[in-house]
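Following this note's numbering, the residues of the sequence shown are numbered contiguously, the last one being 343. Backbone N, C-alpha and C fix where the C-beta goes; we use that ideal spot for every residue, glycine too. Worksheet for the structure shown next.
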Amino acid sequence: MQQRVNQALAAVRTARAVSQHVAGRRPVTGGGASGVVVSLTTHGRRVRGVHRTIETIAAGVLRPDRLVLWLDPADHATPTDALRRLVDRGLEVHEAPAEWGPHKKYLPYCLAHAADGALLVTADDDVLYPRRWLQDLVDAHRADPAAVWAHRSRMMRLTADESVLAPYQAWSYSRSSGPSFARVPIGMGGVAYPAVLQARLAEGGASVPDLVRRTDDLWLHRHALRGGFPVGQVREVAADFPVQLGSQDSALFRTNLNGGNDHVVSRLYDPADLELLREHARG
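What follows is the structure, given as structure tokens:
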């Protein structure tokens, strides 16, 4: 039932976004007063639909100071007409190395602009965001700027003997909101990263380890954990925003849910990480 509801919502919001895209002349950014940058990436066939997601962000009650899309070199060389029109309204489209994969949504920005001090909010390329999406993330950040804030997250769980982390599929979607080191932000809902954490990410340099090349959520969580940034969820129930139909059939989505993340988890977190997580992942 919930899937059918989400599909109906997706259809409605897609139609609205397309209508705004065709007729829209409103800038996609808000004039420099918010202190917020929204960044996302896309690739391959998904480039053809990313304008719909961008339109939902631009239709929000709060618009970012900058809205940045990062593309593989091949896609950057041949932008769609829809993206060209969005550039005329303030969208920035930049090239980033294809081998960074999903990490393009944050890494090139952090390397170049972490010192700017803006709040960085990452978005996914296929989600149709509600009008208060960005405003709610910013409000949560202002209430507790020492945390990472997400609309959607999972709570890490331990095995029965607490010796290792349980399989990823056992990490339930969160039903609480308070910041926790055991909370993993899920990028598709949108995540707000404070400037100090951006600087930490930039210090790691312009490379992405092979282990996490396809798993940015877990890599970003480990950076937050080791940097002392707990993760909060905007509301007690994890958000379930509609997506563009068919987009979640991607190989990356299926691989990470079908055991790919377990391979990463078992190698990504060291004993010191696990000791801290034990205090937060019980229950």
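Would you be able to state if there are at least three C-beta pairs under 8 Å between the stretch 137 to 145 and the stretch 207 to 218?
Segments in contact, no.
In DSSP terms, what Tyr233 is bridged to:
Mapped onto the sequence shown, residue 233 falls at position 173. Tyr233 is bridged to Arg214.
Pairwise C-alpha distance: Leu171 and Ala298:
What you label residue 298 is simply residue 238 of the sequence shown in a count that begins at 1. What you label residue 171 is simply residue 111 of the sequence shown in a count that begins at 1. Roughly 30 Å between the two C-alpha positions.
So, with DSSP's three-state summary, where would you put Ser240?
The sequence position of residue 240 within the sequence shown is 180, counting from 1. Strand at Ser240.
So who's on the other strand from Gln293, going by DSSP bridges?
The count along the sequence shown starts at 1 and reaches residue 293 at position 233. The partner list for Gln293 (beta bridge, DSSP) reads Ala210.
Helix, strand or coil for Pro302? Go by DSSP, reduced to three states.
Position 242 of the sequence shown, counting from 1, holds the residue named residue 302. Pro302 carries a coil assignment under DSSP once its states are collapsed to helix, strand and coil.
Using a Cβ-Cβ cut-off of 6 Å (strictly less than) and excluding sequence neighbours within five positions of Val251, which residues of its own chain qualify?
In the sequence shown, the residue the question calls residue 251 occupies position 191. Result list for Val251: Thr182, Ala210, Pro245, in chain order.
CB-CB under 8 Å to Arg282, same chain, minus the five flanking residues each way: which ones, in chain order?
To locate residue 282, count along the sequence shown from 1; it is residue 222. Result list for Arg282: Leu328, Tyr329, Asp333, in chain order.
Are there 16 or more other CB atoms within 10 angstroms of the CB of Asp199, so buried, or fewer, so exposed?
Taking the sequence shown and counting its residues from 1, one reaches residue 199 at position 139. Counting every other CB atom within 10 Å of its CB across the protein chains shown gives Asp199 a total below 16, marking it as exposed.
Return the first residue and the last residue of the alpha helix (DSSP H) that Ala252 is part of.
For this step, residue 252 is matched to residue 192 along the sequence shown. Segment 251 to 253 is the beta strand (DSSP E) holding Ala252; no alpha helix (DSSP H) there.
Where Ala154 falls: helix, strand or coil (DSSP):
By one-based count along the sequence shown, residue 154 stands at place 94. Note that residue 154 is His in the sequence shown here, rather than Ala. The DSSP-derived three-state label of His154 is strand.
Mind checking Pro168: buried by the 16 CB within 10 Å criterion, or exposed?
Residue numbering aside, residue 168 sits at position 108 when the sequence shown is read from its first letter. Per the 10 Å Cβ criterion, buried.
Helix, strand or coil for Ser99? Go by DSSP, reduced to three states.
For the purposes of this step, residue 99 is taken as the residue at position 39 of the sequence shown. Ser99 falls in the strand class under three-state DSSP.
Looking at the strands, I want to know which residues DSSP matches up with Leu180.
For the purposes of this step, residue 180 is taken as the residue at position 120 of the sequence shown. DSSP, once it has assigned bridges, lists Val97, Tyr253 as partnering Leu180.
Among all the DSSP beta bridges, which residues are the ones paired with Pro227?
Against the sequence shown, residue 227 aligns to sequence position 167. Bridge partners of Pro227: none, in fact.
Where does Arg191 sit, in a helix, a strand or coil, going by DSSP?
Translated into the one-based positions of the sequence shown, residue 191 becomes position 131. Arg191: coil per DSSP, three-state reduction.
Using 10 angstroms around the beta-carbon of Gln304, count the other beta-carbons present and answer buried if the total reaches 16, otherwise exposed.
Residue numbering aside, residue 304 sits at position 244 when the sequence shown is read from its first letter. Classification of Gln304: buried, given that the 10 Å Cβ count is 16 or more.
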